[in-house]
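Quick note on our numbering: the sequence shown kicks off at 82 and runs consecutively. Don't be surprised by glycine CBs; every beta carbon is placed ideally from N, CA and C. Note that the coordinates shown come from a computational prediction; the quantities given were computed from them, not determined experimentally. Quick notes on the structure that follows.
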Amino acid sequence: MGDRTGRQGVTTFPEVSPIRGRRVAANLACVTSMVIWAIGFPVADDLLKTLPPLVVVGFRTVLGSFALLPIWWLLEGWHAIRRADWRTGLWIGALGFGTGTAALIYAQKLTDGITVSVILATMPLAAIALECLLDGRRLGWRLVAGVVLSLIGGIAVYALRMGTFQPGLGAGFALLSVLGFAWGSRATVLSLPGHSAIGRTAITLIGAGLAVGGALLLSTLLTGRPIPWAAMGAKEWIYILIYGVGSMALSQTFFIIGVAGLGIAIASMHLNIAPFYVMLFSLAFGASWDWWQVLAAAVVVAGVALAQTGEVRRAP
82 MGDRTGRQGV TTFPEVSPIR GRRVAANLAC VTSMVIWAIG FPVADDLLKT
132 LPPLVVVGFR TVLGSFALLP IWWLLEGWHA IRRADWRTGL WIGALGFGTG
182 TAALIYAQKL TDGITVSVIL ATMPLAAIAL ECLLDGRRLG WRLVAGVVLS
232 LIGGIAVYAL RMGTFQPGLG AGFALLSVLG FAWGSRATVL SLPGHSAIGR
282 TAITLIGAGL AVGGALLLST LLTGRPIPWA AMGAKEWIYI LIYGVGSMAL
332 SQTFFIIGVA GLGIAIASMH LNIAPFYVML FSLAFGASWD WWQVLAAAVV
382 VAGVALAQTG EVRRAP
């Protein structure tokens with residue numbers, strides 16, 4: 082299938098299906114992205130017990146980003162890779178996803194996976210602010226009410242889990258991560274037209290991998306602290322692969338598909354349910370289950386649905 086310019090082999094998600102079917106598929110893509118992404122939080126919590134944050138995020142971004150190249154090649158061939166807008170994609174990836182990924186791991190080091198996933202519930206606010214500031218988007222009451230309801234549910238999940246809500250430096254890093262991911266996701270869709278979801282994701286995440294991997298190398302040279310290879314056994318390598326290839330590369334691919342079908346503001350609202358997924362996966366790591374947390378997560382889902390109601394009615 083070709084794109085609007087008639088070129089073969091490169092498609093964008095909005096061309097795949099009609100409006101309503103596209104929205105259903107985009108929502109499913111966002112849910113899939115969040116489930117895969119959530120796996121990384123308890124995995125990262127375990128990795129941070131033995132490895133420095135920069136080592137964890139460095140290996141994650143390098144392995145995750147370059148793992149997409151052979152997949153991209155198998156799906157679309159070398160022609161699509163050669164004609165891609167590498168300059169724009171690498172810049173967006175380094176600035177947006179590089180900053181977001183690095184800030185995320187430092188936020189998790191200072192707090193924990195559930196705390197970070199809840200703070201990331203503010204991403205819809207950042208996304209909507211970007212669309213209002215840069216695109217002249219008007220705020221409808223359903224969208225505002227949905228965001229508020231989603232945030233209330235997300236905060237409730239954290240309060241029930243931790244017993245209090247006291248943001249600090251870790252929250253600051255998490256908010257920086259939110260801004261990086263929101264801007265990067267929006268810029269990826271708008272600045273890389275004519276690229277497939279896998280192409281957009283590969284280019285930008287390689288940019289993030291080069292930036293964060295370069296920071297790890299520079300830190301090693303300047304501080305004289307080598308990478309703790311002795312602390313990296315079979316379990317650590319398996320977790321790094323899960324955290325990088327799965328939770329980063331595959332998750333981001335599905336999320337970009339969702340952004341293309343829904344817009345960054347609506348797609349990012351699926352992040353609000355991430356704490357619920359994180360709690361589910363954390364059970365395998367010894368965490369406890371709380372039905373009140375499930376109820377709070379349901380409030381988040383209600384907020385997402387409410388915000389999308391107005392968007393569907395305005396769709397052509």
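Using CA coordinates, which residue listed in Val-225, Gly-234, Val-197 is at the minimum distance from Gly-251?
Val-197
Beta-carbon gap between Leu-128 and Val-137 smaller than 7 Å
yes
Please report the straight-line C-alpha distance between Gly-414 and Val-199, rounded to a whole angstrom.
Residue 414 is absent from the model: the chain starts at 82 and stops at 397.
Based on Cα-Cα distance, which residue from Ala-296, Ser-349, Pro-151, Val-375 lies nearest to Val-359?
Considering only Ala-296, Ser-349, Pro-151, Val-375, the residue with the shortest C-alpha distance to Val-359 is Val-375.
DSSP three-state label for Pro-151, please.
helix
Taking 7 Å as the limit between beta carbons, can you name the residues of its chain near Val-380, skipping five residues before and five after?
Leu-230, Ile-233, Gly-234, Ala-237
Beta-carbon gap between Ile-211 and Arg-267 smaller than 7 Å:
For the sequence presented, residue 211 should be read as Leu rather than Ile. Cβ atoms of Leu-211 and Arg-267: closer than 7 Å.
Close Cβ partners of Tyr-187 (< 7 Å) along its chain, the five nearest in sequence each way excluded
Once the five neighbours on either side are set aside, the close Cβ partners of Tyr-187 are Pro-134, Phe-254.
Once DSSP output is grouped into helix, strand and coil, what is the label at Leu-219?
The sequence given here has Arg at residue 219, not Leu. Arg-219 sits in coil when the DSSP states are folded into three classes, being neither helix nor strand.
Decide yes or no for the touch test of the stretch 158 to 172 against the stretch 340 to 349: beta carbon pairs closer than 8 Å, at least 3 of them.
no
Give the straight-line distance between the Cα atoms of Ser-146 and Gly-294, rounded to the nearest whole angstrom.
11 Å
What number of angstroms, rounded off, separates the C-alpha of Gly-217 from the C-alpha of Leu-364?
43 Å
Look up Leu-129 in the DSSP assignment and say whether it is helix, strand or coil.
Reduced to three states, the DSSP call for Leu-129 is coil.
Over what stretch of residues does the alpha helix (DSSP H) that includes Leu-257 continue unbroken?
Going by DSSP, Leu-257 is part of the alpha helix (DSSP H) stretching over 250 to 272.
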